[in-house]
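Working notes for the structure below.
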Amino acid sequence: DEERIAMHIMVNLENELEEPSLMHFHGLTPPNNLDGIPFISANPLPPGSQVFYDFMIRHRGFYWVHSHFGHQLEAGLFAPILVKDHPRFLEQIGHPMEVPMIIFDGHWRTECAYQQHMYPKECPTGGFDGYDTYQITVNNHDLRSGKVHEVEIIPGKAVRLRILEAGAMAVFRVHFGGLLGEVLATDGRHVQRGHLKNELCVAGAERYDVLLDIPNEEGSYHIVAQRATTHEQLPAGSSERGVLVLSTKNAPPKDLPGAFSPDPVEPYTINDFKSQFTLLPAKHSLEHPHAPPNVHHEVKLTGNYDRATGEWKPDFHVNGQSAFVYPHRVWCRDACGHEKHDPDGTVLDMVFCQGQSISSNIRCTDFACNEGSLGRDKDGRCMPKHATMNQWKNVDVKDCPNWHVRPEPFRYHDSGIEV
């Protein structure tokens with residue numbers, strides 16, 4: 058078989074960072090205790106420590122790996138993984154030139170929307186969609202800085218474009234610069250041949266293998282990744298773009314596209330998703346694709362949000378059990394008298410909270426009001442009438458100067474999440 062294999066992989070991973078880390082694989086299936094989310098499926102790998110991976114790879118294809126510790130992915134800690142094709146498959150597609158297209162954005166959407174006071178460096182403007190303050194890159198080149206990755210191609214020789222959307226939050230419409238592309242694989246698995254596209258919608262973590270037909274003449278082609286949303290049209294001039302330039306050696310000069318789309322950008326809706334994948338059936342389908350499932354799992358995701366105050370409590374649950382992203386930041390009243398506040402520092406620059414802690418995206422002084430104000434509570438706050446959450450209850454506003462942002466110490470789950 059040109060896709061299925063049985064290859065034994067053995068890798069020794071050493072953490073040379075100054076903080077813990079943990080690797081998560083897309084497409085590959087190591088044992089659960091070597092993969093996934095900190096403190097849920099595996100413990101983080103401490104600085105200077107090693108872990109030995111020993112598992113089987115069952116399919117050739119295009120995969121990737123990234124850190125699942127804290128916000129290391131948003132900082133760029135990821136890597137593509139390529140399991141090489143069978144020689145027969147390369148013959149079938151004409152031994153094309155291989156070109157990667159790694160799309161990345163470093164957007165901290167959740168933190169910037171709900172906890173910008175705790176992440177001032179990472180969230181200079183706060184809010185959901187302040188993408189203009191973050192990098193959007195293609196192959197580590199930012200079009201807004203006038204930088205692009207240019208690859209020299211050969212007239213008439215096909216290009217196999219390996220697209221990875223490694224970004225933290227955005228979705229993209231990828232236009233092939235007037236070229237037609239045949240989709241060979243999605244997420245590392247081959248699809249049935251013959252489906253031609255001039256653009257693809259690409260969401261977070263997805264991979265596409267696209268065979269581009271290059272004309273037998275000199276030319277330059279701009280492969281443009283254009284940010285979209287999943288729910289609304291983006292107005293003209295508001296959608297950031299990245300570009301990969303494919304040019305023959307003697308191609309005439311061609312101006313780069315603008316860093317923002319001059320036209321409105323349509324959303325990537327669930328209907329677009331269904332339409333795109335309906336045309337891309339798997340080369341190797343399930344043995345009984347229409348058989349009813351014999352295993353059922355019910356998953357309930359719950360959390361808390363107070364519309365009156367804008368308070369968001371990082372207290373999400375999966376089937377009633379708490380789920381955390383570590384390390385996350387809290388407001389801390391230090392028991393040891395540490396009063397140095399370093400909001401621009403990293404986790405390493407700041408002292409872990411050793412005293413009382415509060416998880417809140419609003420500041421201690423928010424809703425503080427003068428004595429005699431209508432509705433003033435014993436802590437010195439005038440809470441909105443319909444507020445359902447008050448994380449600062451029993452903390453007097455006079456004590457607010459003693460509360461600082463700190464990373465929360467690591468905590469283990471009492472029991473794992475079961476399905």
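Each residue of the sequence shown is one higher than the one before, starting from 58 at the first, in the working numbering.
No residue lacks a Cβ here, since even glycine has one placed at the ideal position from N, Cα and C.
Since this is a predicted model, take the numbers as computed values, not measurements.
Residues in its own chain within less than 8 Å of Ala132 by CB, not counting five upstream and five downstream? In the sequence shown, counting from the first residue as 1, residue 132 sits at position 75. Result list for Ala132: Gly163, in chain order.
Give the DSSP bridge partners of Met64, in chain order. For the purposes of this step, residue 64 is taken as residue 7 along the sequence shown, with counting starting at 1. Paired residues: Ile114.
Cα-Cα, which of Asp456, Glu368 and Ala227 is closest to Thr445? Residue 445 sits at position 388 when you count from the first residue of the sequence shown. Ranking the options by Cα distance to Thr445, first place goes to Glu368.
Let me know the beta strand (DSSP E) ranges lying completely inside the stretch 79–159, each 3 residues or longer, listed in chain order. Taken in chain order, the complete beta strand (DSSP E) segments of 3 or more residues contained in the stretch 79–159 are 80–83, 107–116, 118–124 and 135–140.
Counting Cβ pairs closer than 8 Å, one from the stretch 228–244 and one from the stretch 274–284, do we hit at least three? yes
Got a sec? Which residues, its chain only, sit under 6 Å from Met175 by beta carbon, not counting five neighbours each side? Indexing the sequence shown from 1 puts residue 175 at position 118. Taken in chain order, the residues that qualify are Arg386 and Val462.
Who are the near neighbours of Gly234 in its chain, counting only those whose CB is closer than 6 Å to its CB and skipping five residues on each side? For the purposes of this step, residue 234 is identified with residue 177 of the sequence shown, where counting begins at 1. Excluding residues within five positions, the ones whose Cβ falls inside 6 Å are Tyr278, His279 and Ile280.
Run through DSSP, which three-state label would Phe334 get? Counting from one through the sequence shown, the residue named residue 334 turns up at place 277. Phe334: helix per DSSP, three-state reduction.
Cutting at 7 Å between CB atoms, please list the residues of its own chain near Ala425, excluding the five before and the five after it. The residue labelled residue 425 in the question sits at position 368 within the sequence shown. Excluding sequence neighbours, Ala425 sits near Gly437, Arg438 and Val454.
Could you give the DSSP three-state label for Lys455: helix, strand or coil? In the sequence shown, the residue the question calls residue 455 occupies position 398. Of the three classes helix, strand and coil, the one that applies to Lys455 here is helix, per DSSP.
Other residues of its chain near Arg115: CB distance less than 7 Å, five sequence neighbours each side excluded: Taking the first residue of the sequence shown as position 1, residue 115 is located at position 58. Correct list, in chain order: Arg61, Ile62 and Ala63.
Only counting the same chain, and skipping five residues up and downstream in sequence, which positions put a Cβ closer than 7 Å to that of Gln107? Mapped onto the sequence shown, residue 107 falls at position 50. Same-chain partners within the cutoff: Asn69, Leu70 and Glu71.
Looking at the structure shown, is Ile280 part of a helix, part of a strand, or coil, going by DSSP? For the purposes of this step, residue 280 is taken as residue 223 along the sequence shown, with counting starting at 1. The answer is strand: DSSP assigns Ile280 an E or B state.
Give the C-beta separation of Gln448 and Ser416 to the nearest angstrom, bearing in mind that I take them to be a contact with Cβ-Cβ under 8 Å. Stepping through the sequence shown from its first residue, residue 448 is reached at position 391. Stepping through the sequence shown from its first residue, residue 416 is reached at position 359. At roughly 7 Å, the Cβ-Cβ gap stays under 8 Å, so Gln448 and Ser416 are in contact.
Would you decide whether Pro466 is buried or exposed? Buried here means 16 or more other CB atoms lie within 10 Å of its CB. Here residue 466 is taken as the residue at index 409 of the sequence shown, counted from 1. In summary, Pro466 is exposed, with fewer than 16 beta-carbon neighbours lying within 10 Å of its beta-carbon over all protein chains present.
Out of curiosity, what's the CA-to-CA distance linking Ile66 and Pro87? Here the question's residue 66 lines up with position 9 in the sequence shown. Here the question's residue 87 lines up with position 30 in the sequence shown. About 10 Å.
Along the beta strand (DSSP E) that carries His461, what are the first and last residues, could you check? Taking the first residue of the sequence shown as position 1, residue 461 is located at position 404. Counting along the chain, His461 sits inside the beta strand (DSSP E) bounded by residues Trp460 to Pro464.
Please classify Val216 as buried or exposed, where buried requires at least 16 other C-beta atoms within 10 Å of its C-beta. Here residue 216 corresponds to residue number 159 of the sequence shown, with the count starting at 1. Burial call: buried.
By DSSP, does Leu74 sit in helix, in strand, or in coil? On the sequence shown, residue 74 is found 17 positions in, with the first residue counted as 1. Leu74 falls in the coil class under three-state DSSP.
DSSP three-state assignment for Ser430, whether helix, strand or coil: Within the sequence shown, residue 430 is the residue found at index 373, counting from 1. If DSSP states are grouped into helix, strand and coil, Ser430 belongs with coil.
Just to check my reading of the structure: Leu102 and Ile138 have Cβ atoms closer than 8 Å, yes? What is that Cβ distance to the nearest angstrom? On the sequence shown, residue 102 is found 45 positions in, with the first residue counted as 1. On the sequence shown, residue 138 is found 81 positions in, with the first residue counted as 1. 18 Å between Cβ atoms; not a contact.
Which two residues bound the contiguous beta strand (DSSP E) that contains Val231? Along the sequence shown, one-based indexing puts residue 231 at 174. First-last of the beta strand (DSSP E) with Val231: Val228 to His232.
Output needed for His198: all residues of its chain with C-beta closer than 6 Å, excluding positions within five of it in sequence on either side, in chain order. Taking the sequence shown and counting its residues from 1, one reaches residue 198 at position 141. Excluding sequence neighbours, His198 sits near Lys204, Val205 and His206.
Can you tell me whether His470 is buried or exposed, with buried defined as 16 or more other CB within 10 angstroms of its CB? On the sequence shown, position 413 is the one that residue 470 refers to. Any reading at His470 must be qualified, since the residue scores a pLDDT of 48, below 50, and its modelled position is unreliable; the value itself is stated next. When all chains shown are included, His470 counts as exposed.
Any idea what DSSP makes of Arg201, helix, strand or coil? Sequence index remark: in the sequence shown, residue 201 carries index 144 (1-based). Helix.
Residue range of the unbroken beta strand (DSSP E) whose run includes Val300: For this step, residue 300 is matched to residue 243 along the sequence shown. Per DSSP, Val300 belongs to the beta strand (DSSP E) from Arg298 to Thr305.
Helix or strand or just coil, what does DSSP make of Asp423? If you number the sequence shown from 1, residue 423 lands on position 366. Of the three classes helix, strand and coil, the one that applies to Asp423 here is coil, per DSSP.
Option in Pro441, Pro177 and Gln378 with minimal Cα separation from Thr359: As a first step, residue 359 must be located in the sequence shown, where it is residue number 302. Checked all of Pro441, Pro177 and Gln378; the closest Cα to Thr359 is Gln378.
Check the DSSP bridge columns for Ala308 and list the partner residues they point to. For the purposes of this step, residue 308 is identified with residue 251 of the sequence shown, where counting begins at 1. Paired residue(s): none; Ala308 is not in a bridge.
Straight-line CA distance for Asp434 to Met440? Residue 434 sits at position 377 when you count from the first residue of the sequence shown. Residue 440 sits at position 383 when you count from the first residue of the sequence shown. When rounded, the distance between both Cα atoms is 8 Å.
So, helix, strand or coil for Ile327, using DSSP? Here residue 327 refers to the residue found at position 270 of the sequence shown. Reduced to three states, the DSSP call for Ile327 is helix.
If you measure between the beta carbons of Arg298 and Leu200, is that distance less than 7 Å? As a first step, residue 298 is located in the sequence shown; it is residue number 241 there, counting from the start. As a first step, residue 200 is located in the sequence shown; it is residue number 143 there, counting from the start. It is a contact, given that the beta carbons lie within the stated cut-off.
My understanding is that Gln290 touches Pro324, with C-beta atoms under 8 Å, so please give their C-beta distance in whole angstroms. Translated into the one-based positions of the sequence shown, residue 290 becomes position 233. Translated into the one-based positions of the sequence shown, residue 324 becomes position 267. Correct: roughly 6 Å between the Cβ atoms.
Comparing alpha-carbon positions, which option in Ser296, Gln172 and Leu130 lies nearest Phe82? The residue you call residue 82 lines up with position 25 of the sequence shown. Nearest C-alpha to Phe82: Leu130.
What did DSSP end up calling Cys169 once you bin it into helix, strand or coil? Walking along the sequence shown from the start, residue 169 turns up at place 112. Residue state, collapsed to three classes: helix.
Excluding the five sequence neighbours on either side, which residues of its own chain have a C-beta within less than 7 Å of the C-beta of Glu222, listed in chain order? Within the sequence shown, the letter at position 165 stands for residue 222. Closer than 7 Å at Cβ, skipping near neighbours: Ile160, Phe229, Val259, Ala260, Gly261, Ala262 and Glu263.
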